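Q:
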DNA sequence: CCATGATAATTTACGATTCAAATATTAGAG
DNA sequence: CTCTAATATTTGAATCGTAAATTATCATGG
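Chains as they are written, first to last, in our numbering: chain D, 1 to 167; chain A, 168 to 334.
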C-alpha cells in the first residue's frame, strides 16, 4: 500500500508496527473516554443523585418535546429495548417522565418528560455542559476542531464495518 | 479570555457556542468509542465466548508475567476492586488465571495467567489486534498520529481535573 | 374475516459495574 | 506487646446492559 525506504521495514515489520500503533491509539482513546465519563457519572451522582443513563434518556426526550417511542429511545441511545424499559420505569417512579398511550398504535407508548422532569433536566444540563467545557478545556479551539474532524472520519469508517460474521 | 472582532460575538454568545462545540465534540467521541467497543465485545463473544472485561484482565496479566495483585489490576483497569473480584472469580473457574498466596502479605493475592490462559489469550489478542486495525483503518497514518497527539493533550488535562467536590 | 408474519414492548436470566460496609492483615505509636 | 490506623480484598445491594423468549398488537394476502 505504501512505499518504504528502510531495508528493515518489510511488509511483515511494517504491518506489526502499524498494528501496535492502532492498538495503542485505541487504548488511549478508550482511557480518555472512560476518564471523562467517570467524572460525569460521579458528578451527576453526587450533585444531582441521578445516573448517566437516566440523564441520557431525559436528554433525548428534551430534544423531542412531542415525545418518543421506546424503540426510538433505544435506537438513539444505542442500547437494547429491555434496557430502555428498565431506565424508563425508574424515571416514571421518580415522576420525571410519563408513558402515554398511543392511540395510533396500541403496542407502542409515547414517553415524555413531565414538567417537573423538564425543569430538573434543564438545571442538570447546564452543569453538565460546564463540566464538559472544563474537561475538554485543555484543548485549544483549533485542536477541538481538528479532533472533531478526525472523529468524523473514524465514525464513518467504523460505522460502516459490517457487524460481525466475517472472520 | 480571547479577543474577538465580530460585533455579535459578545462574551455570552461566544461562551454558548464554545459550550455547544465542546458538548458536540464529547458526544461524538463517546459515540465513536461505543461503536468500536460494541464491535469488539460482540466479536469476542461470538468468536471466543469471552467478555471484554475478562479479556482486559487477561491482557493486563499478559504484560506482567510475574503476576499482579488485585489492587493493581483494579488501578490498571480503572475499575473498582469489587469488580476485579468478580471478573477474577470467573476466570479462575474457567481455569484461565490463578490466585496465588502472597507470602509477603497475606492480605493480598498474586493473580497470574495459567499456561492454558496464556495460550488462549495469545490467540484472542491476535484477532483483537486485527479488528482494531480494521476498525481504525479509515484513518491514514498521519491522521492516526495527529489523533494520538490530540488524545495526549486531552488525557493530560482531563486527568488533572480534580475529582469532584467543587461546585 | 382470518391466518400469518412483522413489529413494539416487556420479561427473564445472566454478567458487569459501582458504592458502601464488612473482614482480615499489616504497620506503627506508645 | 497492644491499640489504632491503614491497606487488601470480599460481600451485598442496586443499576446497567445484553440476548433470547414472550406477549400484545398491527398489517396484509387470501
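All C-beta atoms, glycine included, are put in the ideal place defined by N, C-alpha and C.
Because the structure is a prediction, the values reported are computed rather than measured.
Could you please give the first and the last residue of the uninterrupted alpha helix (DSSP H) stretch that includes residue 293 of chain A?
A: To locate residue 293 of chain A, count along the second chain from 1; it is residue 126. It spans 282-302 - the alpha helix (DSSP H) in which residue 293 of chain A sits, taken as one unbroken run.
Q: CB-CB under 6 Å to residue 266 of chain A, same chain, minus the five flanking residues each way: which ones, in chain order?
A: For this step, residue 266 of chain A is matched to residue 99 along the second chain. Here the set comprises 276 and 278.
Q: Between the Cα of residue 218 of chain A and those of A:302, A:260 and A:254, spot the shortest distance and give me the residue it belongs to.
A: Taking the first residue of the second chain as 1, we reach residue 218 of chain A at position 51. Of A:302, A:260 and A:254, the residue nearest in Cα terms is A:254.
Q: Leaving out five residues on either side along the sequence, give the residues of the same chain with a beta carbon under 8 Å from the beta carbon of residue 130 of chain D.
A: Numbered from its first residue, the first chain carries residue 130 of chain D at position 130. Counting only Cβ-Cβ distances below 8 Å, and skipping sequence neighbours, we find nothing.
Q: According to DSSP, which residues form a beta bridge with residue 101 of chain D?
A: Working through the first chain from its first residue, we reach residue 101 of chain D at position 101. DSSP output for residue 101 of chain D lists D:109 as bridge partner(s).
Q: Helix, strand or coil for residue 263 of chain A? Go by DSSP, reduced to three states.
A: Here the question's residue 263 of chain A lines up with position 96 in the second chain. Note: residue 263 of chain A maps to coil in three-state DSSP.
Q: Nearest by alpha-carbon distance to residue 21 of chain D: which of A:306, A:326 and A:323 is it?
A: The residue labelled residue 21 of chain D in the question sits at position 21 within the first chain. Of A:306, A:326 and A:323, the residue nearest in Cα terms is A:306.
Q: How big is the Cα-Cα spacing for residue 313 of chain A and residue 19 of chain D?
A: Locating residue 313 of chain A in the second chain gives position 146, counting from the first residue. Locating residue 19 of chain D in the first chain gives position 19, counting from the first residue. If I take the Cα positions, the gap works out to 16 Å.
Q: Using a Cβ-Cβ cut-off of less than 7 Å, list which residues of the stretch 292-325 of chain A approach chain D; keep chain order.
A: Listed in sequence order: 296, 299, 300, 301, 302, 303, 304, 305, 306, 310, 311, 313, 314, 315, 317, 318, 320, 321, 322, 323, 324 and 325.
Q: Evaluate residue 178 of chain A with the Cβ neighbour count: other Cβ atoms within 10 Å of its Cβ, from every protein chain shown; 16 or more gives buried, anything less gives exposed.
A: Position 11 of the second chain, counting from 1, holds the residue named residue 178 of chain A. Confidence at residue 178 of chain A is low in this model, with a pLDDT of 45, below 50, so its placement is unreliable and no value can be given for it.
Q: Could you tell me which chain D residues have their CB closer than 8 Å to the CB of residue 195 of chain A, listed as they occur along the chain?
A: As a working mapping, residue 195 of chain A is identified with position 28 in the second chain. Under the 8 Å cutoff, chain D gives 148, 151, 152 and 155.
Q: Please look up how many angstroms separate the CB atoms of residue 238 of chain A and residue 248 of chain A, rounded, as I've assumed it's under 8 Å.
A: As a position in the second chain, residue 238 of chain A is number 71, starting the count at 1. As a position in the second chain, residue 248 of chain A is number 81, starting the count at 1. 6 Å between Cβ atoms; contact.
Q: For the alpha helix (DSSP H) containing residue 160 of chain D, list its first residue and its last residue.
A: Position 160 of the first chain, counted from the first residue, corresponds to residue 160 of chain D. Where residue 160 of chain D is concerned, the enclosing alpha helix (DSSP H) stretches over 141-160.
Q: Beta-carbon of residue 25 of chain D versus every beta-carbon of chain A: anything under 8 Å?
A: Here residue 25 of chain D corresponds to residue number 25 of the first chain, with the count starting at 1. Yes, residue 25 of chain D counts as interfacial toward chain A.
Q: Whose CA, out of D:157, D:156, D:133 and D:151, lies closest to the CA of residue 195 of chain A?
A: Mapped onto the second chain, residue 195 of chain A falls at position 28. Minimum Cα distance to residue 195 of chain A is reached at D:151.
Q: Hey, out of A:191, A:205, A:190 and A:192, whose CA is closest to residue 158 of chain D's CA?
A: Looking up residue 158 of chain D in the first chain gives position 158. Here the closest residue by C-alpha is A:205.
Q: With burial defined as no fewer than 16 other Cβ atoms inside 10 Å of the residue's Cβ, what is the status of residue 58 of chain D: buried or exposed?
A: Counted from its first residue, the first chain places residue 58 of chain D at position 58. Buried.
Q: Hey, does residue 22 of chain D have any beta-carbon neighbour from chain A nearer than 8 Å?
A: Residue mapping note: residue 22 of chain D aligns to position 22 of the first chain, counting from 1. Judged by the 8 Å Cβ criterion, residue 22 of chain D is in contact with chain A.
Q: In or out: residue 284 of chain A buried (at least 16 other Cβ within 10 Å) or exposed?
A: Taking the first residue of the second chain as 1, we reach residue 284 of chain A at position 117. It counts as buried.
Q: Quick test of your reading: residue 148 of chain D and residue 192 of chain A, contact by CB under 8 Å. State the CB separation rounded to the nearest angstrom.
A: Along the first chain, read from residue 1 onward, the residue named residue 148 of chain D stands at position 148. Along the second chain, read from residue 1 onward, the residue named residue 192 of chain A stands at position 25. Correct: roughly 5 Å between the Cβ atoms.
Q: In chain order, what residues of the stretch 200-213 of chain A put their CB closer than 8 Å to some CB of chain D?
A: If the cut-off is 8 Å between Cβ atoms, the stretch 200-213 of chain A has 200, 201, 202, 203, 204, 205, 206, 209, 210 and 213 near chain D.
Q: Taking Cβ-Cβ distances shorter than 9 Å, what residues in chain A pair up with residue 78 of chain D?
A: Counting from one through the first chain, the residue named residue 78 of chain D turns up at place 78. 198, 201, 202 and 205, listed in chain order.
Q: Buried or exposed: which applies to residue 43 of chain D, given that a residue is buried once 16 or more other Cβ atoms fall within 10 Å of its Cβ?
A: Locating residue 43 of chain D in the first chain gives position 43, counting from the first residue. Buried.
Q: Start and end of the alpha helix (DSSP H) containing residue 225 of chain A?
A: In the second chain, residue 225 of chain A corresponds to position 58, counting from 1. Unbroken alpha helix (DSSP H) run through residue 225 of chain A: 219-230.
Q: Inspect the beta-carbon positions of residue 91 of chain D and residue 54 of chain D and report whether they are closer than 8 Å.
A: In the first chain, counting from the first residue as 1, residue 91 of chain D sits at position 91. In the first chain, counting from the first residue as 1, residue 54 of chain D sits at position 54. For residue 91 of chain D and residue 54 of chain D, yes; Cβs fall inside 8 Å.
Q: Evaluate residue 144 of chain D with the Cβ neighbour count: other Cβ atoms within 10 Å of its Cβ, from every protein chain shown; 16 or more gives buried, anything less gives exposed.
A: If you number the first chain from 1, residue 144 of chain D lands on position 144. The residue is buried, with at least 16 neighbouring Cβ atoms inside 10 Å.
Q: Tell me which residues share the same chain as residue 214 of chain A and place their Cβ nearer than 8 Å to its Cβ, disregarding the 5 neighbours each side in the sequence.
A: One-based indexing of the second chain puts residue 214 of chain A at position 47. Once the five neighbours on either side are set aside, the close Cβ partners of residue 214 of chain A are 294.
Q: Could you tell me the boundaries of the alpha helix (DSSP H) in which residue 75 of chain D lies?
A: Within the first chain, numbered from 1, the residue matching residue 75 of chain D stands at position 75. First-last of the alpha helix (DSSP H) with residue 75 of chain D: 70-77.
Q: In the structure shown, what three-state DSSP assignment does residue 20 of chain D receive?
A: For the purposes of this step, residue 20 of chain D is taken as residue 20 along the first chain, with counting starting at 1. Residue 20 of chain D: helix per DSSP, three-state reduction.
Q: Could you work out which residues of chain D lie near residue 328 of chain A, taking near to mean beta carbons separated by less than 8 Å?
A: The count along the second chain starts at 1 and reaches residue 328 of chain A at position 161. What residue 328 of chain A touches in chain D: 39, 134 and 135.
Q: Can you check whether the C-beta of residue 98 of chain D is within less than 8 Å of a C-beta belonging to chain A?
A: As a working mapping, residue 98 of chain D is identified with position 98 in the first chain. It does not: the Cβ of residue 98 of chain D has no partner Cβ on chain A nearer than 8 Å.
Q: Would DSSP call residue 213 of chain A helix, strand or coil?
A: Looking up residue 213 of chain A in the second chain gives position 46. Three-state result, residue 213 of chain A: helix.
Q: Rounding to the nearest angstrom, what Cα-Cα distance links residue 260 of chain A and residue 190 of chain A in this structure?
A: By 1-based counting over the second chain, the position of residue 260 of chain A is 93. By 1-based counting over the second chain, the position of residue 190 of chain A is 23. Distance between the alpha carbons of residue 260 of chain A and residue 190 of chain A: 43 Å.
Q: Secondary structure at residue 204 of chain A, three-state DSSP: helix, strand or coil?
A: Your numbering for residue 204 of chain A matches position 37 in the second chain. Note: residue 204 of chain A maps to helix in three-state DSSP.
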